Amino acid sequence: MEFEVTHPFHPWRGQRFVLSTRKQNWGEDRVMFYDAEGRLRSLLASWTDVGEPDVFIQVAAGRSFVRPDDLATLAALIEQIERSHGD
C-alpha cells in the first residue's frame, strides 16, 4: 500500500512511499516506510493520506501556519516570560 505526504509544509509533501507498517510509537500514530536510500523512516500518520484527514489542514488550506489553540498557548508563554523578566 502506498501513501502520500500531505502536510503542507513538509519537504516531502506530494511524494509517495510504500507503507511498511503503521503503529503507535511513544503515543503517536506513525507510518513507517523506507526512503529512496533504503533507510527506515517514520512520519505522523496525520501528515499523510493514510488516516482521517486533519480538519484544520483542510480548512486552513495552507493559509495558516499555526492552530488557534497553539497560538494562544504561545501568547501565554510569551506573557509569562515577559513577566518573569520584567522590572
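What the sequence shown shows, in the numbering used here, is residues 86 to 172, in sequence order.
Ideal Cβ positions, reconstructed from N, Cα and C, are used throughout, including at glycine.
Since this is a predicted model, take the numbers as computed values, not measurements.
Close-in-space but distant-in-sequence residues of the same chain around residue i (CB under 7 Å, 5 per side omitted)
i	result
glutamate 113	Leu129
Helix, strand or coil at residue i according to DSSP, with G and I counted as helix
i	result
glutamine 100	coil
phenylalanine 118	strand
valine 135	coil
phenylalanine 173	In the structure as shown, the chain starts at 86 and stops at 172, and residue 173 therefore has no counterpart that could be examined.
Extent of the continuous alpha helix (DSSP H) to which residue i belongs
i	result
phenylalanine 154	It is worth fixing the name first, because residue 154 is aspartate in this sequence and not phenylalanine. Run containing aspartate 154: 153-169, per the alpha helix (DSSP H) assignment.
Own chain residues within Cβ distance below 6 Å of residue i, not counting five before or after
i	result
serine 105	Met117 and Phe118
arginine 101	Glu87 and Glu89
valine 135	Phe88 and Val116
Own chain partners of residue i with C-beta closer than 8 Å, once the 5 adjacent residues on each side are dropped
i	result
arginine 115	Arg107, Lys108, Gln109, Ser127, Leu128, Leu129 and Ala130
Terminal residues of the beta strand (DSSP E) in which residue i lies
i	result
serine 127	125-129
Counting pairs of Cβ atoms below 8 Å between the segment 112-122 and the segment 148-167, do you hit three or more?
no
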